[in-house]
Amino acid sequence: MPIRVLEEYFSCPVPVCNQMASATEAPLCKQFCLPTEETAMITMTTRRIVLGALATLAFSAPLVATPAFAKDEVFVDAKGVAIHGQDPVSYFGGKGVPGKAQFASKYQGATYYFADAANKAKFDAKPVAYAPQYGGFCAYGASVERKFRTDPSTGTVVNGKLYFNKDPDIAKTWSKDIPGNIKKADANWPQVKTRSIDG
């Protein structure tokens, strides 16, 4: 590509260069900026290698192990604390109570707080038994294919499992057919859990 001289300066025709040079500097700019046949071949070969690697990765992606729970599959606050810092084990005693940061455990990428060391020990021994269903998102929401944040005051234990709902009104709606709503939510959750939060 010829160098176009405009007055005493030219604009380098190579997009990545995008600089002005004097007419006497033109040969140097051309030498270092304009791709020669050799550099063009290297560029083409590099592109083929990169595209080949990306294609291989795309087809082999299902074979690569991925985390079981994405960050948005468990309802947490900005600090990564689940269920508003409430002690999940306490709900199994009849009423949820606030947990303390000094008694904390990690599960499925979220941090859970506990009221005391005893509750923390129970959770650590079998977290799946105490962690809320649907990652702490709204049980009724999951039953209607929605993903809602929850109010910790709605925590309810049904058949040994902890459920939360968006607010007390939604909890009342959910309670009208708990078995049916749980069945629908269980079926929907695998698709709902990876969606964006609805509200």
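Be aware that the sequence shown starts at 1, since it is given in UniProt numbering, and climbs by one per residue.
Backbone N, C-alpha and C fix where the C-beta goes; we use that ideal spot for every residue, glycine too.
Bear in mind the structure is a predicted one, so any value in this text is a computation, not a measurement.
Reduced DSSP category for residue i - H, G, I as helix; E, B as strand; rest coil
i	result
Pro-127	helix
Ser-105	strand
Asp-87	coil
Pro-98	strand
Phe-114	strand
Val-74	coil
Asp-151	strand
Residue i - partner residues in DSSP beta bridges
i	result
Thr-156	Tyr-163
Phe-82	For clarity, residue 82 is Ala in the given sequence; the question names Phe instead. The partner list for Ala-82 (beta bridge, DSSP) reads Val-76.
Cβ-Cβ separation, residue j to residue i (assumed contact under 8 angstroms), whole Å
i	j	result
Ala-104	Gly-80	Going by Cβ atoms, the distance from Ala-104 to Gly-80 rounds to 10 angstroms, so no, they are not a contact pair.
Glu-145	Val-74	At roughly 19 angstroms, the Cβ-Cβ gap does not stay under 8 angstroms, so Glu-145 and Val-74 are not in contact.
Environment of residue i [buried if 16+ CB atoms lie within 10 Å]
i	result
Lys-176	exposed
Asp-77	exposed
Ala-118	exposed
Ser-196	exposed
Ala-142	buried
Gln-102	exposed
Gln-108	buried
Lys-95	exposed
Ala-121	exposed
Gly-199	exposed
Lys-106	exposed
Lys-166	buried
Lys-147	buried
Thr-194	exposed
Gly-180	exposed
Ala-125	exposed
Residue i CB to nearest heavy atom of the ligand FMN below 7 angstroms
i	result
Asn-181	In the structure shown, the ligand FMN is absent, as is every other ligand, since no ligand is present at all.
TODO: Report yes or no: do three or more beta-carbon pairs, one from the region 150-165 and one from the region 104-123, lie closer than 8 angstroms?
DONE: Taking 8 angstroms as the limit for Cβ pairs, the verdict is that the region 104-123 does not touch the region 150-165.
TODO: Report yes or no: do three or more beta-carbon pairs, one from the region 82-98 and one from the region 169-186, lie closer than 8 angstroms?
DONE: As far as the Cβ criterion goes, the region 82-98 does not touch the region 169-186, which means the pair count is below three.
Open item on the list: Does the structure place the region 127-137 close enough to the region 161-169 that three or more beta carbon pairs sit under 8 angstroms?
Closed with: By the C-beta criterion, the region 161-169 is judged to be in contact with the region 127-137, since at least 3 inter-stretch pairs fall below 8 angstroms.
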